[in-house]
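Sequential numbering of the sequence shown, starting at 0, is according to numbering that gives the first Met the number 0.
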Amino acid sequence: MSSEPASARQPSVRIRPLRAGDVEACARLVAGDPLWQRYGLTLRRARRALRQVLAARRRGGAAALAAGDVAVAAVGGVPVGFVWFRREGTFHHSGYVRWLAVAPAARGRGVGTALLRHAEARIFRHGPNVFLTVSAFNRRARAFYRRLGYVRVGALTDYVVPGVTEVLLRKTRGPLQPPRPRRPAGGLAVHRMTGRECTR
Ligand SMILES: CC(C)(COP(=O)(O)OP(=O)(O)OC[C@H]1O[C@@H](n2cnc3c(N)ncnc32)[C@H](O)[C@@H]1OP(=O)(O)O)[C@@H](O)C(=O)NCCC(=O)NCCS
């Protein structure tokens, strides 16, 4: 992934893969935010998580796929936001956006939108769904996701911390499987993912 301008609205913002030199700034971004503090995220844990992504990417293969990707939005080389996403992080088949954060001073200028679109573009190359969770109390973020086409598909009460509901959001381009061809009379259809014959 090479560096690319975030959007026409944000020509000075470049989106590029996480580098070792970005870890501290990105970790501070989440660990310093009241949202992640509510979930008990410390600077140490944030640094470790981001370093693990870099290490997995160096190893490549299944480790890199499992760890996912982190894309950074940078102005003059300095990170102002980042997104951490996985291509197969939900239900084993679908994309998952794990963390999306923009520095308070850079919010409301399209950086979050550009980062999310970047993650979506990569996830949609491999499958038709993007999932994420957002805290029910995070009204501004919920409005942000709604505007970008995410629809509430569920709610997970007390999932991460007691007393907080995680709203499960989905953006989709369709089902995992294409429409099935009509089954010949008396024949059996074969389920594409399990390989088993099935009667409907
Ligand atoms: C949510 C977030 C990633 C959006 O990034 P952003 O760069 O501010 O988003 P954009 O500029 O592309 O879009 C702005 C929209 O985001 C929403 N938004 C959410 N939180 C916002 C905030 N703190 N400041 C400004 N806009 C915010 C608003 O709906 C805003 O729309 P508006 O301009 O009509 O008010 C960013 O505000 C952020 O990091 N918030 C704190 C962490 C968080 O909530 N992350 C999501 C966890 S699931």
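Using N, Cα and C, we set each Cβ at its ideal position, and we do this for glycine too.
- Listed in chain order, the alpha helix (DSSP H) runs fully inside the region 55 to 99 are 60 to 66, counting runs of at least 4 residues.
- In this structure, the alpha-carbon of V74 lies about 47 angstroms from that of R179.
- At a Cβ-Cβ threshold of 7 angstroms, R43 and V22 do not count as neighbours.
- Beta-bridge partners assigned by DSSP to G153: L167.
- Burial check for H91: the Cβ neighbour count within 10 Å stays below 16, so the residue is exposed.
- With a cutoff of 6 angstroms, F123 does not count as near ligand 1, since its C-beta is closer than that to no heavy atom of the ligand.
- Using a Cβ-Cβ distance cut-off of 8 angstroms, the region 56 to 63 and the region 71 to 89 are not in contact, since fewer than three pairs of beta carbons, one from each stretch, lie closer than that value.
- Of R151, L114 and F130, the smallest CA-CA separation from E3 is found for L114.
- Distance between L34 and Y158, taken at the CA atoms: about 15 angstroms.
- Residue burial annotation: F136 is exposed, with fewer than 16 other C-beta atoms found within 10 angstroms of its C-beta.
- Taking the Cα of R37 as reference, the smallest distance to any Cα among V163, G67 and G109 is reached at V163.
- Non-local C-beta neighbours of A102 in its own chain, meaning closer than 7 angstroms and more than five positions away in sequence, comprise L28, V79 and G80, ordered along the chain.
- F143 has its CB nearer than 6 angstroms to a heavy atom of ligand 1.
- Non-local beta-carbon contacts of L40 in its own chain, meaning distances under 7 angstroms to residues more than five positions away in sequence, involve V29 and A30 in chain order.
- The closest heavy atom of ligand 1 lies less than 6 angstroms from the beta carbon of L34.
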